[in-house]
Amino acid sequence: LGLKGYGTFAVALFACFISLCCMVAFLLYITARCRNIGNTGTSEMMRSIKKVDMYALSKIGKDSVYSYFVTDKIFGWMAALTTLCLQFGILVFFINASEANLQNDRTDVQFTWKCPRDTYACENTAGLTDAGW
């Protein structure tokens, strides 16, 4: 694919996921619109919407911040979207940190085995015993 690292792969994967979600939402909207062309605001449709909302809440969890997506309140949507953006930012931070540059001496990855290029013997520099400390 020619992706240069985890960050590029994550962006491509996230873009594909968002595109797929948008296509599914659009198709669901079109099919719902075609089914309800003659029914505008009937009480049966309102009961059906309430039933679907209650089902969504039961699957998400009533104590979850994501349950605000099911409501009509703008504050709830803002709280849920803020949480979603913060979690996405943390995910991006960890994806970028996962690309370890092994040539950099400041990396947090610790190598315990030293294998000099001029010998076949390697030595463990961890200083741990067989018991683990």
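For what it's worth, my numbering labels the leading residue of the sequence shown as 559, then goes sequentially.
Cβ coordinates follow ideal geometry from the N, Cα and C atoms, glycine included.
For K617, which three-state DSSP category applies?
helix
With distances taken between CB atoms, is the gap from Y626 to A614 smaller than 8 Å?
no
What is the DSSP secondary structure of K693, counted as helix, strand or coil?
Nothing about residue 693 can be reported from this structure: the residues present for the chain run from 559 to 691 only.
Between T670 and A689, is the Cβ-Cβ spacing less than 8 Å?
no
Under the DSSP definition of a beta bridge, which residues are partnered with N682?
W671
Report the residue from I576, S606, S577 whose alpha carbon sits nearest the alpha carbon of A590.
S606
If you draw a straight line from the alpha carbon of A583 to that of C592, how long is it in whole angstroms?
14 Å
Work out the CA separation of I648 and E602 for me, nearest whole Å.
43 Å
Spatial neighbours of N682 within its chain, please: C-beta separation below 7 Å, excluding the five flanking residues on both sides.
T670, W671
Whose C-beta lies closer than 6 Å to the C-beta of N654 among residues of the same chain, with five residues either side of it excluded?
G565
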